[in-house]
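Have a look at the structure below, then the notes.
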Amino acid sequence: GRTDDARAAYQLAEGRHPKTLEVLTGMAWLLHRQGLDDRARPLFERAVKIHPNNASANLGLAEIQRSQGDLASAQAGYEKALENPGWAKNASVHRDYAELLSARQKTGQAVAAVTRALTLDPSAATLLSAARIERRRGGHEAAYRNVGYALSADPAREDIALQRALWLLEDGRLPEAEADAEAVLARSDHALARWVRGCARARRGDLAGARADLASAAAQRREHPFVARAALALLEELHAPAD
1305 GRTDDARAAY QLAEGRHPKT LEVLTGMAWL LHRQGLDDRA RPLFERAVKI
1355 HPNNASANLG LAEIQRSQGD LASAQAGYEK ALENPGWAKN ASVHRDYAEL
1405 LSARQKTGQA VAAVTRALTL DPSAATLLSA ARIERRRGGH EAAYRNVGYA
1455 LSADPAREDI ALQRALWLLE DGRLPEAEAD AEAVLARSDH ALARWVRGCA
1505 RARRGDLAGA RADLASAAAQ RREHPFVARA ALALLEELHA PAD
């Protein structure tokens, strides 16, 4: 947990052994986990240049490329990493790879990858990924089934309930969307739960209730800036005089 000392030690080691893979990848992963991807990426790239088949370097670089929107390059990196027997048994790598494939509209490959992840670890996180992939390819019933399994596996995860609530709202299933939002709100005043319930209330004609929820969501600018902006925009629309 002494990340500053660890980073200093890696920097010293890198100066003395600039081509040692363990040093480059160790330093890169430390930076990556701290969210310092602009500093981590060049180290991963150096490691891959020295050893193109290094699984750890390929995986770290792929994760950064994926987060930065370079999905084609990220796919190649994940595939190189998954050639390693150790990483090939890692469910989270298969899960992330599956979601990337789904984002690239490679549906069959995405299903195969998430199925492999489920075989290795049928956890709530993997079930949620499977649900998202099913949703993207139009399998709404399977998506709801898997997200339900995910919520049963880990009822405390707010993101799972909120994912289902958003889908229910999108599909016009307003009472169910409100119920999921209210289950989250019973534990915390989450901006996205307020947004879902506010939208559902507005569609039902409960404008006073909708305004209250949206005002609460809009006030959470620091914690949830995107949701706050969307809530403020809808709130302004609800306050606008009718034509």
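Residue 1305 is where the sequence shown starts when you use my numbering, and the numbers rise one by one after that.
Cβ atoms here follow ideal geometry from the backbone N, Cα and C, with glycine treated the same way.
Excluding the 5 residues preceding and the 5 following residue 1530 in the sequence, name in chain order all residues of the same chain whose CB lies nearer than 6 Å to its CB. Correct list: empty, nothing qualifies.
Endpoints, alpha helix (DSSP H) assigned at residue 1388: Neither: residue 1388 is in no alpha helix (DSSP H) and is coded neither H nor E.
CB residue 1515 to CB residue 1539, shorter than 9 Å? Less than 9 Å separates the beta-carbon of residue 1515 from that of residue 1539.
Residue 1436 versus residue 1511: straight-line alpha-carbon distance, rounded: Separation of residue 1436 and residue 1511 (C-alpha to C-alpha, rounded to the nearest whole angstrom) is 31 Å.
Nearest-angstrom Cα distance between residue 1547 and residue 1536? Caution applies to residue 1547, whose pLDDT of 48 falls short of 50 and renders its modelled position unreliable; the value that the coordinates give is listed next. Taking the straight line from one Cα to the other gives about 20 Å.
Within the continuous alpha helix (DSSP H) that includes residue 1484, where are the two ends? Segment 1478 to 1489, the alpha helix (DSSP H) holding residue 1484.
Should the region 1413 to 1425 be regarded as contacting the region 1454 to 1462, the criterion being three or more beta carbon pairs within less than 8 Å? At 8 Å Cβ cutoff, the stretches do not touch.
Pair within 9 Å by beta-carbon distance, residue 1465 and residue 1446: At a Cβ-Cβ threshold of 9 Å, residue 1465 and residue 1446 do not count as neighbours.
Taking just the CA atoms, how far does residue 1312 sit from residue 1440? Distance between the alpha carbons of residue 1440 and residue 1312 is about 44 Å.
Where the alpha helix (DSSP H) through residue 1465 begins and ends: For residue 1465, the uninterrupted alpha helix (DSSP H) segment begins and ends at 1462 to 1474.
Over what stretch of residues does the alpha helix (DSSP H) that includes residue 1353 continue unbroken? Where residue 1353 is concerned, the enclosing alpha helix (DSSP H) stretches over 1341 to 1354.
Could you have a look at residue 1360 and say whether DSSP puts it in helix, strand or coil? The three-state reading of DSSP puts residue 1360 in helix, counting H, G and I together.
Would you mind reading off the limits of the alpha helix (DSSP H) that contains residue 1498? Residue 1498 -> alpha helix (DSSP H) spans 1495 to 1508.
So, is residue 1541 buried or exposed, given that buried needs 16 or more other C-beta atoms within 10 angstroms? The residue is exposed, with fewer than 16 neighbouring Cβ atoms inside 10 Å.
Residue 1532 versus residue 1518: straight-line alpha-carbon distance, rounded: Taking the straight line joining both Cα atoms gives about 8 Å.
Could you have a look at residue 1529 and say whether DSSP puts it in helix, strand or coil? Helix.
When you compare the CB positions of residue 1333 and residue 1373, do they come within less than 9 Å of one another, or not? Cβ distance not < 9 Å, so residue 1333 and residue 1373 don't count as in contact.
Might you give, ordered along the chain, the residues of its own chain that have their beta carbon closer than 8 Å to the beta carbon of residue 1310, omitting 5 neighbours on each side? Closer than 8 Å at the Cβ level, and outside the excluded window around residue 1310, lie 1334.
Taking just the CA atoms, how far does residue 1528 sit from residue 1325? Spanning the alpha carbons of residue 1325 and residue 1528 requires a straight line of approximately 39 Å.
Given this structure, state the Cα-to-Cα distance separating residue 1404 from residue 1414, to the nearest angstrom. Distance between the alpha carbons of residue 1404 and residue 1414 is about 8 Å.
Just to confirm my understanding: we take residue 1411, look at its own chain, exclude 5 residues before and 5 after, and list those with CB closer than 6 Å. What are they? Short of 6 Å from the beta carbon of residue 1411, and not among the five residues preceding or following it, lie these beta carbons of its own chain, in chain order: 1441.
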